[in-house]
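Our numbering puts the sequence shown at residues -12 to 75. Even for Gly, the Cβ is constructed at its ideal location relative to N, Cα and C. For clarity, every value in this text was computed on a predicted model and none was experimentally measured. Heads up: the structure comes next, in structure tokens.
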Amino acid sequence: MKNLIYKDTRNYSPIDVTKGVDLLTGKIVMADNTAPENYELRPKCKFCQNYKEENEFNGECEASMSDPKFFAYGDMDSVTCGMYKQIN
């Protein structure tokens, strides 16, 4: 994916809400700054085919077997989710 921001990559570790460490360079970077093109996408609900956005910040997982469907934030990590399917 192009035009990723740091907080959406695997190459970023947050310090607080606004900044974190670029794990490849060791430098402090702003979370919302554009990351280099070669940085790897971090699996998050907003990048999943099963995520149905309800508004800018949250939605639900369409793959959920629960009734009602599982509530999810778009920025929620999906690293360990067995239902995660990355959007192409």
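Terminal residues of the beta strand (DSSP E) in which residue i lies
i   : result
K14 : No beta strand (DSSP E) holds K14; DSSP gives it neither H nor E.
S0  : Y(-1) to P1
A22 : Where A22 is concerned, there is no enclosing beta strand (DSSP E), given that its DSSP letter is neither H nor E.
Contact under 7 Å by Cβ, residue i with residue j
i     : j     : result
K(-6) : A18   : yes
P30   : Y(-1) : no
F57   : C48   : yes
Y60   : N75   : no
Spatially closest choice to residue i from the options, by CA coordinates
i     : options               : result
E43   : D62, L28 and N25      : D62
N(-9) : Q73, V66 and E24      : For the record, residue -9 in the displayed sequence is Leu; it is not Asn. The candidate whose alpha carbon is nearest that of L(-9) is E24.
V66   : L10, E27, S53 and P55 : E27
Do the stretch -1 to 13 and the stretch 37 to 53 touch if we need at least three Cβ pairs shorter than 8 Å? no
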